[in-house]
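Colleague: After the structure tokens below, expect a handful of questions from me.
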Amino acid sequence: MPEATPPLALTMGDPAGIGPEITAGAWRAMRAGATAFAVLGDAALIGRHGMPVREIGTIGEAAGVFADAVPVLPVTLAVPAVAGQPDSRNAEAITTSIARAVELARHGHAAGVVTNPISKIVLKKAGFAYPGHTEYLAALCNVPGREVMMLACPELRVVPVTIHVSLRRALDDLTTEGIIAATRTTHAALMRDFGIARPRIALAGLNPHAGEGGTMGTEEQTIIIPAMEALRAHGMDVSGPWPPDTMFTPAARARYDVAMCMYHDQALIPLKTIDMTQGVNTTLGLPIIRTSPDHGTAFDIAGHGTADPSSLVAALRMAMQMAEHRNRS
């Protein structure tokens, strides 16, 4: 018989945000199912939300605990967390939670890593050297520069080729080589982790109307089309460049499995508009599986009891599905 899939490692995120609340909500929604997770964080913080918690010594204990309580691998906070009041003194605990989760996954003790939201500003004040989760995870996995961010919901998958940079810099950073590298990583992940035998990939244009034959910009001719031709030469089903203003309609979405977008908001605006509650952020190009909710820390509603755990539940379920696909490949 095949071995049982290990539990997922769930990071605590910023303890002053909605992470503890949506963690409690996710456990309540998933406790009777087959997907178990262990939280690397503060047990008392999760317990404030009315859920039973139990500290465990190893992640292997999580499956046996999960039906009755939230399993917690303890990570000590520097100062008590106050909902809605982020404190950079807890930055080390936040990053420690992430680093330990990655180690568990890299050694096969966790099926994957699911990350609760962090605040880049809070971490930066404490000297955090990375633009965000995605780049930090790549560094922890010793594959810096290979990471690709994909956002997914039941109706759409999108990948921004340039990520956490200003729009002005994104235009400078966009290259044929970058499009090729991101698309090849995405193509491989769709086959290995999502079970899509022949992924259909749509390349978005950069300019209005995809440049209108060069009258509204030439980046399609000089950057995007050469990437498309190179990818097709490697046997990939790649189309484009698609006009960005029409490629996210229901009829258009039915013609591809993923949209490769040229900059951050070109990808994230349609995804979050179509389905914010079921959106999942997943990092491709890592030796481990990583997903997260598609929203932030929401300090403004933290502690109010109104945070929706749906995106975290979707992230946990997607991570386990990806792990099962990867185990079969």
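For what it's worth, the numbering used here labels the leading residue of the sequence shown as 58, then goes sequentially.
We put the beta carbon where it would ideally sit given N, CA and C, even for glycine.
1. Below 8 angstroms, how does it come out for the segment 315 to 323 and the segment 260 to 272: are there three or more Cβ pairs, yes or no?
2. If you drop the 5 nearest sequence neighbours on each side, which residues of the same chain put their C-beta closer than 8 angstroms to that of I344?
3. At 4 residues or longer, and completely inside the segment 137 to 177: list those alpha helix (DSSP H) runs for me, N to C.
4. Flag this pair as yes or no: are the beta carbons of P419 and G268 separated by less than 9 angstroms?
5. In the DSSP assignment, find the unbroken beta strand (DSSP E) run with L134 in it and report its ends.
6. So, for T62: in the same chain, excluding its five sequence neighbours on each side, which residues have a beta-carbon less than 8 angstroms away from its beta-carbon?
7. Could you check whether I175 and I151 sit closer than 9 angstroms to each other, using their CB atoms as the reference points?
8. For a cutoff of 9 angstroms on Cβ pairs, would you count V295 as touching chain B?
9. Quick one: measure Cβ to Cβ for T348 and A372, integer angstroms, because I've assumed they're closer than 8 angstroms.
10. Would you call the segment 187 to 195 and the segment 133 to 151 touching, i.e. three or more CB-CB distances under 8 angstroms?
11. Just to confirm the assignment: which complete alpha helix (DSSP H) runs, minimum length 4, are found wholly within the segment 303 to 348?
12. Quick one: what's I258 bridged to in DSSP?
13. Along the beta strand (DSSP E) that carries R111, what are the first and last residues, could you check?
14. With a threshold of 8 angstroms (Cβ to nearest heavy atom), would T172 be considered close to the ligand COA?
15. Exposed or buried, D99, counting other C-beta atoms within 10 Å across all chains shown (16 or more means buried)?
16. For V219, tell me which candidate among I116, M375, C318 has the shortest Cα-Cα distance.
17. Indicate whether L65 and A93 have their beta-carbon atoms separated by less than 9 angstroms.
18. Can you have a look at E286 and say buried or exposed, based on whether 16 or more other CB atoms are within 10 angstroms of its CB?
19. Which residue wins for smallest C-alpha separation from V337, given the options E212, S223, T240?
20. Among H106, L134, S145, D144, which residue has its Cα nearest to the Cα of S154?
21. Going by DSSP, name the residue or residues bridged to C198.
22. Please report the straight-line C-alpha distance between A254 and V216, rounded to a whole angstrom.
23. To the nearest angstrom, how far is it from the Cα of R111 to the Cα of V179?
24. Taking DSSP as the reference, what is the three-state secondary structure of R105?
25. Taking all protein chains shown into account, decide if H291 is buried (16 or more other Cβ within 10 angstroms of its Cβ) or exposed.
26. Could I get the ranges of all uninterrupted alpha helix (DSSP H) runs contained in the segment 220 to 246, with 4 residues as the minimum, in chain order?
Modeller: Let's see:
1. yes
2. Taking the first residue of the sequence shown as 1, we reach residue 344 at position 287. The sequence given here has Pro at residue 344, not Ile. Correct list, in chain order: R163, C198, V200.
3. 148 to 163
4. For the chain, the structure presents residues 58 to 386; residue 419 sits outside this window and is missing.
5. To locate residue 134, count along the sequence shown from 1; it is residue 77. L134 -> no beta strand (DSSP E), and no H or E assigned at all.
6. Here residue 62 refers to the residue found at position 5 when the sequence shown is read from its first residue. Closer than 8 angstroms at Cβ, skipping near neighbours: A168, M377, A380, E381, N384.
7. Taking the sequence shown and counting its residues from 1, the one referred to as residue 151 is at position 94. Taking the sequence shown and counting its residues from 1, the one referred to as residue 175 is at position 118. Yes.
8. Any reference to chain B falls outside this structure, which holds one protein chain only.
9. Taking the first residue of the sequence shown as 1, we reach residue 348 at position 291. Taking the first residue of the sequence shown as 1, we reach residue 372 at position 315. Confirmed, about 4 angstroms.
10. no
11. 307 to 310, 321 to 332
12. Stepping through the sequence shown from its first residue, residue 258 is reached at position 201. V295, V315, per the DSSP bridge assignment.
13. For this step, residue 111 is matched to residue 54 along the sequence shown. From DSSP, the beta strand (DSSP E) with R111 extends over 110 to 112.
14. Only the bare structure without any ligand can be found here, which leaves the ligand COA out of the picture.
15. Sequence index remark: in the sequence shown, residue 99 carries index 42 (1-based). D99 comes out buried.
16. Locating residue 219 in the sequence shown gives position 162, counting from the first residue. For the sequence presented, residue 219 should be read as Thr rather than Val. Looking at the Cα atoms, C318 is the closest of the given residues.
17. Indexing the sequence shown from 1 puts residue 65 at position 8. Indexing the sequence shown from 1 puts residue 93 at position 36. In this structure, A93 lies closer than 9 angstroms to L65 by Cβ.
18. Mapped onto the sequence shown, residue 286 falls at position 229. Classification of E286: exposed, given that the 10 Å Cβ count is below 16.
19. Your numbering for residue 337 matches position 280 in the sequence shown. Checking every option, the nearest Cα to that of V337 belongs to E212.
20. Counting from one through the sequence shown, the residue named residue 154 turns up at place 97. Looking at the Cα atoms, L134 is the closest of the given residues.
21. Here residue 198 corresponds to residue number 141 of the sequence shown, with the count starting at 1. None; C198 has no bridge partner.
22. As a position in the sequence shown, residue 254 is number 197, starting the count at 1. As a position in the sequence shown, residue 216 is number 159, starting the count at 1. Taking the straight line from one Cα to the other gives about 19 angstroms.
23. Sequence index remark: in the sequence shown, residue 111 carries index 54 (1-based). Sequence index remark: in the sequence shown, residue 179 carries index 122 (1-based). So the alpha carbons of these two residues sit roughly 28 angstroms apart.
24. Position 48 of the sequence shown, counted from the start, is the residue given in the question as residue 105. Three-state result, R105: coil.
25. Taking the sequence shown and counting its residues from 1, the one referred to as residue 291 is at position 234. Exposed, because fewer than 16 other Cβ atoms sit within 10 Å of the Cβ of H291.
26. 224 to 230
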